[in-house]
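This report concerns only the one structure given below.
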Amino acid sequence: MTATRTPRILLAEDEEAMRAYLERALTNAGYFVSAVDRGTDAVPLLETGDYDLLLSDIVMPEMDGIELAQRCAEISPRTKVMFITGFAAVSLRASREQPTAKVLSKPFHLRDLVLEVERVFEEADALRG
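Each residue of the sequence shown is one higher than the one before, counting from 148 in our numbering.
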């Protein structure tokens with residue numbers, strides 16, 4: 148990565164253990180991570196923060212990940228989106244409604260998550276370069 152600042156990730160995951168697990172893995176991989184347990188808590192952070200990636204579960208209370216991604220596109224159009232989900236049908240819906248977003252299906256290995264996040268940032272760097 149050629150950027151001088153640490154990439155910022157907004158993690159929206161309603162399951163507490165999974166959220167802590169992902170936050171720790173991404174922080175250990177060198178990213179700045181803000182973690183919330185619902186989409187409605189992510190929106191104000193998108194409005195005030197400068198996030199490079201929204202990493203969101205799809206199935207969450209109050210606001211699902213797809214709706215959150217749509218709000219993200221309005222609020223912070225440069226922020227990339229990646230979904231994580233354990234539901235195949237939801238994954239298909241996400242691919243249809245957010246075709247540029249990467250979808251990672253649970254269960255996944257943390258190494259795979261970190262590699263996918265790195266890929267998202269490398270693709271963004273290549274488009275800017």
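For each residue, glycine too, the CB sits at the ideal point set by N, CA and C.
Tell me which residue opens and which closes the alpha helix (DSSP H) that residue i is part of.
i, result
"residue 268", "257 to 275"
"residue 217", "212 to 222"
Where DSSP assigns a beta bridge to residue i, which residues make up the other side?
i, result
"residue 203", "159 and 230"
"residue 251", "231"
Could you spell out where the beta strand (DSSP E) holding residue i opens and where it closes?
i, result
"residue 189", "Unbroken run through residue 189 is the alpha helix (DSSP H), 186 to 195; no beta strand (DSSP E)."
"residue 182", "179 to 183"
With 16 other CB atoms within 10 Å as the buried threshold, where does residue i fall?
i, result
"residue 199", "buried"
"residue 177", "exposed"
"residue 264", "buried"
"residue 267", "buried"
"residue 148", "Since pLDDT at residue 148 reaches only 44, below the 50 mark, its modelled position is unreliable, and no value is offered."
"residue 232", "buried"
"residue 206", "exposed"
"residue 211", "buried"
"residue 230", "buried"
"residue 159", "buried"
"residue 224", "exposed"
"residue 202", "buried"
Just confirm the distance between the C-beta atoms of residue i and residue j, as a whole number of angstroms; I'd bet it's less than 8 Å.
i, j, result
"residue 172", "residue 260", "7 Å"
"residue 192", "residue 157", "6 Å"
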